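**Student:** Under the working numbering, the letters of the sequence shown match residues 1 to 117, in that order. Mind having a look at this structure? Questions to follow.
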Amino acid sequence: MDKYSIAGLRVRAKFHYDRMIANMPKYKSDFDEEAEIFINITKQMSMEYQDENPHFTLGSCEYSMAGSQFYTQLLDHDGMMLHASSIMMDGSAYLFSARSGTGKSTHTLLWQKVYGK
1 MDKYSIAGLR
11 VRAKFHYDRM
21 IANMPKYKSD
31 FDEEAEIFIN
41 ITKQMSMEYQ
51 DENPHFTLGS
61 CEYSMAGSQF
71 YTQLLDHDGM
81 MLHASSIMMD
91 GSAYLFSARS
101 GTGKSTHTLL
111 WQKVYGK
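Right, here's the structure in full:
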């Protein structure tokens, strides 16, 4: 398994498909301590997930399951995942959370346009 540092945590994972392989080098790490999070997704697991979600590529299946495993374990480290867009203004962060496609990024861009941040 490869070693990564994500959100300040030591992560061990092995990825099989291009989507994750291409995105992970920036998180590569070389730690000696025990990993705090383990992401274990086999090719078989990706294929079974794809059977349930035929519109996904195998790479998208692996990506989705990796996120689910990471975010579930992140709870054990006082962290959480929030699907949101954000902007910093006057020293405060504003997060816009909603379902995909509802306009979070558009809303953030409008704030940047109006408030110049």
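Note that beta-carbon positions come from the ideal geometry of N, C-alpha and C, so glycine has one too. Every value quoted in this text rests on a predicted model; they were computed, and no experiment measured them.
Give me the DSSP bridge partner(s) of residue 9.
**Tutor:** 6
**Student:** Which same chain residues, not among the five before or five after residue 59, have their C-beta less than 6 Å away from its C-beta?
**Tutor:** 17, 18 and 19
**Student:** Helix or strand or just coil, what does DSSP make of residue 31?
**Tutor:** coil
**Student:** Does DSSP put residue 49 in a helix, in a strand, or in coil?
**Tutor:** helix
**Student:** Quick one: Cα of residue 43 to Cα of residue 93, how far?
**Tutor:** Their Cα atoms are separated by approximately 39 Å.
**Student:** Decide if residue 70 is buried, meaning its Cβ has at least 16 other Cβ atoms within 10 Å, or exposed.
**Tutor:** buried
**Student:** Step through the CB atoms of chain D and report whether any lies within less than 8 Å of the CB of residue 96.
**Tutor:** The question asks about chain D, but that chain is absent: this structure has only one protein chain.
**Student:** Mind pulling the beta strand (DSSP E) runs of 3 or more residues that sit fully within the stretch 44-90?
**Tutor:** 84-89
**Student:** In the DSSP assignment, what residue or residues form a beta bridge with residue 104?
**Tutor:** According to DSSP, which records beta bridges pairwise, residue 104 is partnered with nothing at all.
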